[in-house]
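K.L.:
Chains as they are written, first to last, in the working numbering: chain X, 1 to 200; chain E, 201 to 400.
Protein chains: 2
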Amino acid sequence: MQTRSKILQATLELLEAGEGGEIRMGDIAKRAGISRQALYLHFATRAELLVETTFYLDELSESDKRLEPSRKAKTGIERLEAFVDAWGGYIPAVYGPGRAMMAMMETDDEAAKAWNQRMQDVREGCEAAIKALKKDKTLSPAYSINDATDLLWAMLSVRNWEQLIHQSGWTQKKYIKTMKILAYNTFVAAGAEISKGISK
Amino acid sequence: MQTRSKILQATLELLEAGEGGEIRMGDIAKRAGISRQALYLHFATRAELLVETTFYLDELSESDKRLEPSRKAKTGIERLEAFVDAWGGYIPAVYGPGRAMMAMMETDDEAAKAWNQRMQDVREGCEAAIKALKKDKTLSPAYSINDATDLLWAMLSVRNWEQLIHQSGWTQKKYIKTMKILAYNTFVAAGAEISKGISK
DNA sequence: TTCATACTTGACAGCATGTCAATTGACAAA
DNA sequence: TTTGTCAATTGACATGCTGTCAAGTATGAA
Chain X
1 MQTRSKILQA
11 TLELLEAGEG
21 GEIRMGDIAK
31 RAGISRQALY
41 LHFATRAELL
51 VETTFYLDEL
61 SESDKRLEPS
71 RKAKTGIERL
81 EAFVDAWGGY
91 IPAVYGPGRA
101 MMAMMETDDE
111 AAKAWNQRMQ
121 DVREGCEAAI
131 KALKKDKTLS
141 PAYSINDATD
151 LLWAMLSVRN
161 WEQLIHQSGW
171 TQKKYIKTMK
181 ILAYNTFVAA
191 GAEISKGISK
Chain E
201 MQTRSKILQA
211 TLELLEAGEG
221 GEIRMGDIAK
231 RAGISRQALY
241 LHFATRAELL
251 VETTFYLDEL
261 SESDKRLEPS
271 RKAKTGIERL
281 EAFVDAWGGY
291 IPAVYGPGRA
301 MMAMMETDDE
311 AAKAWNQRMQ
321 DVREGCEAAI
331 KALKKDKTLS
341 PAYSINDATD
351 LLWAMLSVRN
361 WEQLIHQSGW
371 TQKKYIKTMK
381 ILAYNTFVAA
391 GAEISKGISK
């Protein structure tokens, strides 16, 4: 049972560092200090290994704890901001495995389903924030709940993060700060009281 | 010289239809009605073929003509809207080849450079629109020119379109309409006169 | 001592890209 | 008519990856 963890750990490390190109099964084996075949004793396919790696990552980083402030928020505005903080702050960690999974989506149905499931969870977070705004009557009248959810989901997508960080060279801090402003300006109805978190 | 066109046409057709998985060199050859090896007589690598296909597509759809209304716009606000119309309307056509190119970016430097170059062109379009707003003093004070450009670029990215159309199931019409509203609300300073184009 | 379990070693099939060499067929110029 | 060139064909092959298979090894428990 220890080998399994060694494999997952090695996979994670390679994916996080992984600038140049694809990570091969052989690379992971080497890093974990075992034979390539031993990988297949624990994970039937590359896709399965990647999926399990994302679950492993969730355990490691206690991803549900990150969402606590968002769930505890009193107002819709606070909830929106807390969610941007929580998920936006988690993206850098998911990005390694996520990139690999997204690359596999073209060819591998298994991987596609797994990744889409995880992204659906994020959508639910978006929806909860939007609904909290709606409940407070601070949701902008420009969008329905569904449209606002879709839009927020797209804004906070891994691809969008990738674009801003890697193509535009933004820092993580700038990303969070700007996404908060953007989310606020987009979804909070004009005239709603200004949240303290948004200062400047 | 005719074979070359047949190849490019076949590639385009396959990429446009291409729902299921990757398009192989053999598939393209079959579709074009020639041998797989003949492809390599015209294009050294798969990456090169894809790059040339995007240029071919530009010719076919007279992509520069699409941008004319944007360049001719009198006000910054009009220019922003026209640009969203032009590029947003072109995305469905680029998406087929684009998806293939983006998938190759992980592994192929050549493809990555070519696609990034094309996306850089889009960025210039974004920048021009933002600068036009700035010139009119209708750019929202929340963002610098660079940040606004990066943000608009991300909003109008192919990935964002993909997310909204394929994950959220939006129609193209809804996409254009909503992106216009979003761009307007985000980048146009409060108090600036309302453009006719944005009506409902 | 015996047996099961986890791992290793090495070979191999499948499948894609890209290369190479020999051949065919058409068309043009001497 | 002959010769040369050019585009395309055919078929074999190297490479590099994933995933499979079979046989062997080490460790620890019964």
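Note that the Cβ used here is the ideal one computed from N, Cα and C, for glycine as well.
CA-CA distance, Phe43/X and Arg31/X?
P.N.:
Sequence index remark: in the first sequence, residue 43/X carries index 43 (1-based). Sequence index remark: in the first sequence, residue 31/X carries index 31 (1-based). Rounded to the nearest angstrom, the two C-alpha atoms are 16 Å apart.
K.L.:
Can you name the residues that DSSP bridges to Leu139/X?
P.N.:
As a position in the first sequence, residue 139/X is number 139, starting the count at 1. Val188/X, per the DSSP bridge assignment.
K.L.:
State the start and end residues of the unbroken alpha helix (DSSP H) segment that holds Arg24/X.
P.N.:
Taking the first residue of the first sequence as position 1, residue 24/X is located at position 24. Unbroken run through Arg24/X: none, as it is neither H nor E.
K.L.:
If I follow the unbroken alpha helix (DSSP H) through Trp287/E, where does it start and stop?
P.N.:
The count along the second sequence starts at 1 and reaches residue 287/E at position 87. First-last of the alpha helix (DSSP H) with Trp287/E: Gly276 to Met305.
K.L.:
Could you give the C-beta distance for Val84/X and Lys180/X, rounded to a whole number, given that I count them as a contact under 8 Å?
P.N.:
Walking along the first sequence from the start, residue 84/X turns up at place 84. Walking along the first sequence from the start, residue 180/X turns up at place 180. That belief holds up - the Cβ atoms of Val84/X and Lys180/X are roughly 5 Å apart, short of 8 Å.
K.L.:
Using a cut-off of 8 Å between C-beta atoms, extract the partners of Trp370/E located in chain X.
P.N.:
Counting from one through the second sequence, the residue named residue 370/E turns up at place 170. By Cβ distance, chain X contributes Asp150.
K.L.:
Taking 9 Å as the threshold (C-beta atoms), are Met102/X and Trp115/X in contact?
P.N.:
Taking the first residue of the first sequence as position 1, residue 115/X is located at position 115. Taking the first residue of the first sequence as position 1, residue 102/X is located at position 102. Yes. Within cutoff.
K.L.:
Between the region 295-310 of chain E and the region 204-222 of chain E, do three or more beta carbon pairs fall short of 8 Å?
P.N.:
Touching, per the Cβ criterion.
K.L.:
When you compare each of Arg71/X, Glu48/X and Met105/X to Ala132/X by their alpha carbons, which one comes out closest?
P.N.:
As a position in the first sequence, residue 132/X is number 132, starting the count at 1. Ala132/X has its Cα closest to that of Arg71/X, out of Arg71/X, Glu48/X and Met105/X.
K.L.:
Which one of Gly226/E, Leu208/E, Lys265/E and Leu241/E has the shortest CA to CA distance from Tyr256/E?
P.N.:
Indexing the second sequence from 1 puts residue 256/E at position 56. Nearest of Gly226/E, Leu208/E, Lys265/E and Leu241/E to Tyr256/E, Cα basis: Leu208/E.
K.L.:
Distance cutoff 9 Å, beta carbons only. Does Thr386/E sit that close to anything in chain X?
P.N.:
Looking up residue 386/E in the second sequence gives position 186. It does: the Cβ of Thr386/E has a partner Cβ on chain X nearer than 9 Å.
K.L.:
I need the boundaries of the alpha helix (DSSP H) containing Glu262/E, first residue and last residue.
P.N.:
Sequence index remark: in the second sequence, residue 262/E carries index 62 (1-based). It is not in any alpha helix (DSSP H) - Glu262/E carries neither H nor E in the DSSP assignment.
K.L.:
For Ala44/X, which of helix, strand or coil comes out of DSSP?
P.N.:
Locating residue 44/X in the first sequence gives position 44, counting from the first residue. Three-state result, Ala44/X: coil.
K.L.:
Report yes if the C-beta distance between Leu339/E and Ala390/E is below 9 Å; otherwise report no.
P.N.:
Along the second sequence, read from residue 1 onward, the residue named residue 339/E stands at position 139. Along the second sequence, read from residue 1 onward, the residue named residue 390/E stands at position 190. Going by C-beta atoms, Leu339/E is not nearer than 9 Å to Ala390/E.
K.L.:
For Ser205/E, report the span of its alpha helix (DSSP H) as first-last.
P.N.:
As a working mapping, residue 205/E is identified with position 5 in the second sequence. Looking at the DSSP string, the run of the alpha helix (DSSP H) that includes Ser205/E is Gln202 to Ala217.
K.L.:
Measure how close the beta-carbons of Gln172/X and Pro92/X come, nearest whole angstrom, since I'm counting them as under 8 Å.
P.N.:
On the first sequence, residue 172/X is found 172 positions in, with the first residue counted as 1. On the first sequence, residue 92/X is found 92 positions in, with the first residue counted as 1. Indeed, because the Cβ distance is near 6 Å, the residues count as touching under 8 Å.
K.L.:
Report yes if the CB atom of Asp147/X is closer than 9 Å to the CB atom of Thr75/X, and no otherwise.
P.N.:
As a position in the first sequence, residue 147/X is number 147, starting the count at 1. As a position in the first sequence, residue 75/X is number 75, starting the count at 1. In this structure, Thr75/X does not lie closer than 9 Å to Asp147/X by Cβ.
K.L.:
Measuring alpha carbon to alpha carbon, tell me which of Thr386/E, Ala311/E and Glu281/E ends up nearest Arg266/E.
P.N.:
Numbered from 1 along the second sequence, position 66 holds the residue referred to as residue 266/E. The shortest C-alpha separation from Arg266/E is found at Glu281/E.
K.L.:
The alpha helix (DSSP H) that contains Leu152/X, what's its start and end?
P.N.:
The count along the first sequence starts at 1 and reaches residue 152/X at position 152. Here the alpha helix (DSSP H) through Leu152/X covers Ile145 to Met155.
K.L.:
Would you kindly check if the distance between the Cβ of Leu260/E and the Cβ of Thr211/E is under 9 Å?
P.N.:
Within the second sequence, residue 211/E is the residue found at index 11, counting from 1. Within the second sequence, residue 260/E is the residue found at index 60, counting from 1. No.
K.L.:
Would DSSP call Ala73/X helix, strand or coil?
P.N.:
Within the first sequence, residue 73/X is the residue found at index 73, counting from 1. Looking at Ala73/X - three-state DSSP - the assignment turns out to be coil, as it is neither helix nor strand.
K.L.:
Going by the beta-carbon positions, is the gap between Leu222/E and Thr107/X smaller than 9 Å?
P.N.:
In the second sequence, residue 222/E corresponds to position 22, counting from 1. In the first sequence, residue 107/X corresponds to position 107, counting from 1. The amino acid occupying residue 222/E in the given sequence is Glu; Leu does not appear at that position. Yes, these two residues count as a Cβ contact at 9 Å.
K.L.:
Closest to Ala141/X by C-alpha separation, out of Ala311/E, Leu382/E, Arg224/E and Arg279/E, would be which residue?
P.N.:
Your numbering for residue 141/X matches position 141 in the first sequence. Position check: residue 141/X holds Pro in this sequence, whereas Ala was assumed. Ranking Ala311/E, Leu382/E, Arg224/E and Arg279/E by Cα distance to Pro141/X puts Leu382/E first.
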